[in-house]
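Participant: Last residue of the sequence shown? That's 755 in the working numbering, and every number before it is there in order. Cβ coordinates follow ideal geometry from the N, Cα and C atoms, glycine included.
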Amino acid sequence: MFCNQCGSDLPDDSRFCHKCGYSFSALAPRGPVPAATRAKPSSTRVFAILAIALPLLGILIWTAASHGTALKQLERLTKKHHSQVLDNSALTVDPVEYAFFDLVVPAGATGVHLQGNFTASGGSGNDTEAHVFSDTDFANWKNGHESKTYYSSGRVTVGNFNVDLPDGAGTYDLVFDNRFSLLSKKTVSFTATLSYYQ
Numbered sequence: 558m559f560c561n562q563c564g565s566d567l568p569d570d571s572r573f574c575h576k577c578g579y580s581f582s583a584l585a586p587r588g589p590v591p592a593a594t595r596a597k598p599s600s601t602r603v604f605a606i607l608a609i610a611l612p613l614l615g616i617l618i619w620t621a622a623s624h625g626t627a628l629k630q631l632e633r634l635t636k637k638h639h640s641q642v643l644d645n646s647a648l649t650v651d652p653v654e655y656a657f658f659d660l661v662v663p664a665g666a667t668g669v670h671l672q673g674n675f676t677a678s679g680g681s682g683n684d685t686e687a688h689v690f691s692d693t694d695f696a697n698w699k700n701g702h703e704s705k706t707y708y709s710s711g712r713v714t715v716g717n718f719n720v721d722l723p724d725g726a727g728t729y730d731l732v733f734d735n736r737f738s739l740l741s742k743k744t745v746s747f748t749a750t751l752s753y754y755q
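Structure below.
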C-alpha cells in the first residue's frame with residue numbers, strides 16, 4: 558500500500574506511515590472490496606425511454622406509408638393532366654356481335670383512370686355486357702380463351718365504371734358485348750373519359 562499523505566510504499570498491514578507518521582487508523586477497516594454492482598435502470602427511466610421512442614417509431618412508420626402518396630401528389634403537380642372523352646348516344650350492337658373502342662395510354666403516363674356510364678336498350682332484356690380489357694386479353698377474349706378484365710359489368714341495363722389502369726404505355730379496349738343475344742340488336746348510349754398525367 559501507499560501512504561495517502563507522502564506516497565511512501567508501506568507494508569499492507571501498516572497503521573501509520575514510517576516516513577511521515579500519517580495515521581491510517583481513521584480509515585475504514587480494510588478487507589475485500591465488493592465488486593461494483595451495475596445500476597439497474599429504474600422503471601421511471603424505462604417509461605421515459607418508451608415515451609420518446611414509441612412516438613418516434615410511429616412517425617417513421619407514418620412517413621414511410623405516406624411517402625408513396627406524397628410522391629404521387631408531387632408527380633401530379635409536375636405533370637400535365639390529359640383526358641380523352643368517348644361519347645356515343647346511339648351505338649348499335651348487332652346480335653351475336655360486340656363493339657369496342659381502343660384506349661391508348663402513352664409512355665410515361667401515371668394515374669391512369671377510366672370512368673363512365675352506359676345504358677342499353679333493345680330486345681326483351683334491354684341489356685348488354687361491358688368490359689375493359691388490355692389489348693392482349695381482348696385478343697384472347699375474342700377467340701374464346703381465358704382472359705382477365707379490369708372491369709366486367711355482367712348483363713345489365715345500366716352500368717357505371719370507375720377503373721384504375723396501370724401506369725405507363727398500354728392499349729386498352731372498352732367493349733360492349735351482345736354475343737349472348739341471338740336475335741335482338743342493342744342500342745347502347747355511353748360516356749367514358751380516359752384520364753392520366755404525363
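1) Rounding to the nearest angstrom, what Cα-Cα distance links L643 and L617 in this structure?
2) Span of the alpha helix (DSSP H) holding D692?
3) Looking at the structure shown, is G588 part of a helix, part of a strand, or coil, going by DSSP?
4) Please report the straight-line C-alpha distance between L611 and F573, rounded to a whole angstrom.
5) Would you report the Cα separation of H670 and A687, rounded to the nearest angstrom?
6) If we ignore side chains and look at the alpha-carbon of each, how far apart do D734 and T685 end up?
7) Which term fits G615, buried or exposed, when burial requires 16 or more other beta carbons within 10 angstroms of its beta carbon?
8) Taking the Cβ atom as the reference point for each residue, do Y754 and V689 lie within a distance shorter than 9 Å?
Facilitator: Per the coordinate set shown:
1) Those two C-alpha atoms are separated by around 44 Å.
2) Counted as a single uninterrupted DSSP element, the alpha helix (DSSP H) harbouring D692 occupies residues 692-699.
3) Residue placement at G588 is flagged as unreliable, the pLDDT there being 48, under the threshold of 50; the coordinate-derived value follows with that caveat. DSSP places G588 in coil when its eight states are reduced to three.
4) Spanning the two alpha carbons is a distance of roughly 59 Å.
5) H670 and A687: Cα-Cα distance of roughly 16 Å.
6) If you take the alpha carbons of D734 and T685, they lie about 6 Å apart.
7) So G615 counts as exposed.
8) Remark: C-beta atoms of Y754 and V689 do not approach each other more closely than 9 Å.
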